[in-house]
Structures are given as structure tokens and as C-alpha cells.
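Numbers in this note's numbering are just positions in the sequence shown, counted from 1, shifted up by 376.
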Amino acid sequence: MKEQELHTEIAGIVRRARSLAPALHEIRSLIAREFGAALLVVRPTTNGSTLPASVVSEFLESREFPVRALYTTPLKSEGREAGTLVACIGSWGTFGDVLRRITTFAGEQLASLLRRLPAQPLVYTEAA
377 MKEQELHTEI
387 AGIVRRARSL
397 APALHEIRSL
407 IAREFGAALL
417 VVRPTTNGST
427 LPASVVSEFL
437 ESREFPVRAL
447 YTTPLKSEGR
457 EAGTLVACIG
467 SWGTFGDVLR
477 RITTFAGEQL
487 ASLLRRLPAQ
497 PLVYTEAA
């Protein structure tokens, strides 16, 4: 699937979503189907909200895929950073800047979902 097609699929997932967790799981599945494996985590920007290092390090230390990368992008809602999308992606080859651009686009789309949902505190959400 070409990058623009992935963008279209991600936008469609977010447009249909009624909450963050299902959208995150669908986007993770899409990325995993296209590239090999993915772990997506939304980390809220609040005091005491840390990303469990074991989740990320376990993925990155896995030898299942020769290429493993970590990307982050802010989730901005109403001009403020509500959280961070952390994407760990494993693949059989390199894709240049495509994975970073897809992560950035997914973060923008998920931020738009957060703006659309009723105001509520963002909580740690993981799609593995």
C-alpha cells in the first residue's frame, strides 16, 4: 500500500472512531500488516504519567525483525499538548522517512479525534 493510501486508511479509522483505544488498535493493526509489527502507545502529558520502559524495550530488543524503530509525535488538542504518540515499528527492511511521516500523520489524526470527543482526561493507552 502506498503512503497516501495509508493516510487515507488512517483518516477513515479515526473518522469512524468513537473513542481513542479502538482507533489506536486499528491503526496499529494497519501498520503491522503493512510493515511487520507495531506497538502504539498514547502517553498523557500529566504529572506522574510515564511510559513503562519494559513495553518499549521488550519490543525494540526483540530479534523478530531486523529493523526496529521508535518514533514519537505530540498529540495537540486546543493548542496544548495532551499527550504523546509513541510508535515502535518492526519491519524486514528500511522505508526511509515513511515510517516517521506515517507516525506523524497518525498523531495528527488521533489529536483531531481527541478534540472531537467529550472533554475527559487522557489516560495511558496501549495497542500491542
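Yeah, the Cβ is synthetic: ideal placement off N, Cα and C, and Gly gets one too.
{"Asked": "Within 7 Å, strictly: CB atoms of Leu400 and Ala463", "Found": "no"}
{"Asked": "Boundaries (first-last residue) of the beta strand (DSSP E) holding Ser453", "Found": "443-453"}
{"Asked": "Under 7 Å between C-beta atoms of Val474 and Glu379", "Found": "yes"}
{"Asked": "Runs of alpha helix (DSSP H) wholly within the region 405-440 (minimum 4 residues, chain order)", "Found": "429-437"}
{"Asked": "Nearest-angstrom Cα separation, counted from Val418 out to Ala397", "Found": "9 Å"}
{"Asked": "Residue closest to Thr422, alpha-carbon to alpha-carbon, out of Glu434, Glu457, Ala445", "Found": "Glu457"}
{"Asked": "Exposure label - Gly483; buried when at least 16 CB within 10 Å", "Found": "buried"}
{"Asked": "Collapsed DSSP secondary structure at Thr480 in the structure displayed", "Found": "helix"}
{"Asked": "Assigned secondary structure, Ala463 (DSSP; H/G/I helix, E/B strand, else coil)", "Found": "strand"}
{"Asked": "Under the three-state DSSP convention, the category Arg392 falls into", "Found": "helix"}
{"Asked": "For Arg456: DSSP bridge partner residues", "Found": "Ser453"}
{"Asked": "Cβ pair count under 8 Å reaching 3, the region 386-394 against the region 436-449", "Found": "no"}
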